[in-house]
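For the sequence shown, the tail end lands on 732 under the numbering used here, and the numbers increase by one without skipping.
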Amino acid sequence: MRTKIVAGNWKMNKTYKETKALVKELDHSIKDVTLSNTRVIIAPTFVNLQKASKMTRKSVIEVAAQNMHQLDSGAYTGEVSAPMIKAVHVNVVILGHSERREYFGETDALLAQKVDAALKNDLEVIFCFGEVLEDRKSGNHFKVVERQIKNALFHLDSEDWSKIILAYEPVWAIGTGETASPDQAQEMHAFIRELVAERYLSDVAEEVSILYGGSVKPGNAQEIFSKTDVDGGLIGGAALKVDDFMSIIKAI
Ligand code: PGA
Numbered sequence: 481m482r483t484k485i486v487a488g489n490w491k492m493n494k495t496y497k498e499t500k501a502l503v504k505e506l507d508h509s510i511k512d513v514t515l516s517n518t519r520v521i522i523a524p525t526f527v528n529l530q531k532a533s534k535m536t537r538k539s540v541i542e543v544a545a546q547n548m549h550q551l552d553s554g555a556y557t558g559e560v561s562a563p564m565i566k567a568v569h570v571n572v573v574i575l576g577h578s579e580r581r582e583y584f585g586e587t588d589a590l591l592a593q594k595v596d597a598a599l600k601n602d603l604e605v606i607f608c609f610g611e612v613l614e615d616r617k618s619g620n621h622f623k624v625v626e627r628q629i630k631n632a633l634f635h636l637d638s639e640d641w642s643k644i645i646l647a648y649e650p651v652w653a654i655g656t657g658e659t660a661s662p663d664q665a666q667e668m669h670a671f672i673r674e675l676v677a678e679r680y681l682s683d684v685a686e687e688v689s690i691l692y693g694g695s696v697k698p699g700n701a702q703e704i705f706s707k708t709d710v711d712g713g714l715i716g717g718a719a720l721k722v723d724d725f726m727s728i729i730k731a732i
């Protein structure tokens, strides 16, 4: 059975103190929820990763990094590597987020290197991709998504896929309040699963969790999550409020 996942991407939000408070509150609230076959992941910013990781050591909540460099060490001022992330007991990293692609120039080729570095260091990857509005308007969204996935992931072996979580995030829906309709999400997720099935064995495609991201809120989560090929969500803004994030977790 495919694992369901609700992941919160905190982006550049929450100071040390605020992180401690949010993790504590989340951990407290989540104790009242029965999670079956569901993972809950939060991704605070780098400076707060170790604290969040320590605070959740006995919790069901897992912690992820939001990014990492493709090399293990070296003269790369301001960067953080996979071994550093692993060393603070964090086992998941988000790669390819559209904000990384748009504001920091991350390309498919670079992301392929980052994916390799993550897997080499035994980190699980939440790999994000998705089309911009013009692509959707011109009907190129399937082509764009296919290119992003093929270029960064299709050099991997079948076994590597046990460490890959896919996150379809149409850029036009991120932080805009606009969401893909549940049918649009399902259509794309089914396309993605088929793409993986064509390249790999069908059980690789059947096993990979495909998350939807882009303005998921308590009010729309249940309908989106009800779709066959939607295995959970990558949540931005709504992950910063305990009540909203908890409602979304309960909707899965
Ligand atoms: P949003 O962000 O939920 O605020 O739209 C989603 C994301 O960027 O992962």
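Built from N, CA and C at the ideal position, the CB exists for glycine as well.
Item to check | Top-ranked residue by Cα proximity to Met564, from Arg679, Trp641, Asp552, Trp652 | outcome: Residue mapping note: residue 564 aligns to position 84 of the sequence shown, counting from 1. When only C-alpha atoms are compared, the closest one is Asp552.
Next on the checklist: Does the stretch 528-537 come into contact with the stretch 566-579, if we say contact requires no fewer than three beta-carbon pairs (one atom in each stretch) closer than 8 Å?
Outcome noted: For the pair of segments examined, the stretch 528-537 was found to touch the stretch 566-579: the number of CB pairs separated by less than 8 Å reaches three.
Item to check | Neighbourhood of Ala731 by C-beta distance below 8 Å, restricted to the same chain and skipping five residues each side | outcome: Locating residue 731 in the sequence shown gives position 251, counting from the first residue. In the same chain as Ala731, and ignoring 5 residues on each side of it, the C-beta atoms closer than 8 Å to its own belong to Pro698, Ala701, Gln702, Phe705, in chain order.
Next on the checklist: Considering only DSSP beta bridges, list what Leu646 is partnered with.
Outcome noted: As a first step, residue 646 must be located in the sequence shown, where it is residue number 166. Phe607, Ile690, per the DSSP bridge assignment.
Checklist entry - For Asn631, which residues from the same chain have a beta carbon less than 6 Å from its beta carbon, with the 5 sequence-adjacent residues on both sides left out? => result Translated into positions along the sequence shown, residue 631 becomes position 151. For Asn631, where only same-chain residues beyond five positions count, the Cβ hits under 6 Å are Asp588.
Checklist entry - Assuming Gly488 contacts Ile510 under a Cβ cut-off of 8 Å, what Cβ separation, rounded to an integer in Å, is found between them? => result If you number the sequence shown from 1, residue 488 lands on position 8. If you number the sequence shown from 1, residue 510 lands on position 30. Beta-carbon to beta-carbon, Gly488 and Ile510 are separated by about 12 Å, too far to satisfy the 8 Å threshold.
Checklist entry - If we ignore side chains and look at the alpha-carbon of each, how far apart do His669 and Tyr496 end up? => result In the sequence shown, the residue the question calls residue 669 occupies position 189. In the sequence shown, the residue the question calls residue 496 occupies position 16. Their backbone Cα atoms lie some 36 Å apart in a straight line.
Next on the checklist: Shorter than 7 Å, the distance from the beta carbon of His669 to the closest heavy atom of the ligand PGA, or not?
Outcome noted: Your numbering for residue 669 matches position 189 in the sequence shown. Exclusion of His669 from the 7 Å shell around the ligand PGA follows from its C-beta lying no nearer than that to any non-hydrogen atom of the ligand.
Next on the checklist: Can you tell me where the alpha helix (DSSP H) holding Thr708 begins and where it ends?
Outcome noted: Sequence index remark: in the sequence shown, residue 708 carries index 228 (1-based). Element bounds for Thr708: n/a, residue is neither H nor E.
Next on the checklist: Could you check whether Val605 and Ile644 sit closer than 8 Å to each other, using their CB atoms as the reference points?
Outcome noted: As a position in the sequence shown, residue 644 is number 164, starting the count at 1. As a position in the sequence shown, residue 605 is number 125, starting the count at 1. Val605 is positioned such that its CB atom lies closer than 8 Å to that of Ile644.
Item to check | Coil, strand or helix - Leu636 by DSSP | outcome: As a first step, residue 636 must be located in the sequence shown, where it is residue number 156. In the structure shown, the three-state DSSP call for Leu636 is coil.
Checklist entry - Can Ile654 be considered in contact with the ligand PGA, in the sense that its beta carbon sits closer than 7 Å to one or more heavy atoms? => result Position 174 of the sequence shown, counted from the first residue, corresponds to residue 654. Within the chosen limit of 7 Å, the ligand PGA reaches the beta carbon of Ile654 through at least one heavy atom.
Checklist entry - Does the stretch 571-590 touch the stretch 613-624, meaning 3 or more C-beta pairs lie closer than 8 Å? => result The stretch 613-624 and the stretch 571-590 do not touch, with fewer than 3 CB-CB distances between them shorter than 8 Å.
Checklist entry - Using a Cβ-Cβ cut-off of 8 Å (strictly less than) and excluding sequence neighbours within five positions of Thr518, which residues of its own chain qualify? => result The residue given as residue 518 occupies position 38 in the sequence shown. Excluding residues up to 5 positions away in sequence, Thr483, Lys484, Ile485, Val486, Gly712, Ile729, Ile732 lie with their Cβ nearer than 8 Å to the Cβ of Thr518 in the same chain.
Checklist entry - Can you give, in chain order, each stretch of the alpha helix (DSSP H) that sits fully within the stretch 486-512 and has at least 4 residues? => result Whole alpha helix (DSSP H) segments, 4+ residues: 496-510.
Item to check | DSSP three-state assignment for Ile654, whether helix, strand or coil | outcome: Locating residue 654 in the sequence shown gives position 174, where the first residue counts as 1. Note: Ile654 maps to coil in three-state DSSP.
Item to check | Check whether Thr525 and Met492 have beta carbons under 8 Å apart | outcome: For this step, residue 525 is matched to residue 45 along the sequence shown. For this step, residue 492 is matched to residue 12 along the sequence shown. Contact flag set, yes.
Item to check | Near the ligand PGA: Ala523 beta-carbon under 7 Å from a heavy atom | outcome: Taking the first residue of the sequence shown as position 1, residue 523 is located at position 43. Outside the cutoff, so no.
Checklist entry - For the candidate residues Asp512, Thr514, Gly694, Val520, whose alpha-carbon lies nearest to that of Glu611? => result By one-based count along the sequence shown, residue 611 stands at place 131. The residue with the shortest Cα to Cα distance from Glu611 is Gly694.
Next on the checklist: Residues in the same chain with beta-carbon distance under 7 Å from Val540, minus the five sequence neighbours each way, listed in chain order, please.
Outcome noted: Here residue 540 refers to the residue found at position 60 when the sequence shown is read from its first residue. The residues are Ile510, Leu515, Val520.
Item to check | Beta-carbon contacts of Ser642 that lie in its chain and below 6 Å, excluding the five residues immediately before and after | outcome: Residue numbering aside, residue 642 sits at position 162 when the sequence shown is read from its first letter. Excluding residues within five positions, none has a Cβ falling inside 6 Å.
Checklist entry - Which of the three DSSP states, helix, strand or coil, is assigned to Ile732? => result Sequence index remark: in the sequence shown, residue 732 carries index 252 (1-based). In this structure, Ile732 counts as coil in the three-state DSSP scheme.
Next on the checklist: Whole angstroms are fine: how far does the CA of Val676 sit from the CA of Val513?
Outcome noted: Here residue 513 corresponds to residue number 33 of the sequence shown, with the count starting at 1. Here residue 676 corresponds to residue number 196 of the sequence shown, with the count starting at 1. Cα to Cα, the separation comes out at about 33 Å.
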